[in-house]
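For the sequence shown, position 70 matches number 70 in the working numbering, and the numbering has no gaps at all.
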Amino acid sequence: MRLHIYMTCDMFIDMPAEVAVLEAIAEPTRRRILDAVRGGERSVGELVDKVGMHQPGVSRHLKVLRDAGLGGGAA
């Protein structure tokens with residue numbers, strides 16, 4: 001059995017937000033950040049300790065999460 005998927009160009013207009021979220025959570029460090037903030041807000045310093053990476057790296061990941069509409073959770 002073959003599955004044929006037909007898509008029109010109009011479908012791509014609604015997809016960027018979902019794609020951005022999927023791309024953001026595809027990275028393991030960003031998933032660890034999301035796990036860390038699940039219980040409440042954390043400072044960037046707390047996230048640095050929790051994730052085990054330098055502050056500039058955590059800040060870059062937080063920006064990706066914010067841009068994808070996932071917040072980021074740093075105070």
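We put the beta carbon where it would ideally sit given N, CA and C, even for glycine.
Asked                                                                                                                                        : Found
Please report how far the alpha carbon of Arg31 lies from the alpha carbon of Val58, in whole angstroms.                                     : 12 angstroms
According to DSSP, is His54 part of a helix, a strand, or is it coil?                                                                        : coil
Go through its chain and collect everything with a Cβ distance to Lys50's Cβ below 6 angstroms, but skip five positions before and after it. : Ala36
Would DSSP call Glu27 helix, strand or coil?                                                                                                 : coil
Looking at the structure shown, is Ala17 part of a helix, part of a strand, or coil, going by DSSP?                                          : helix
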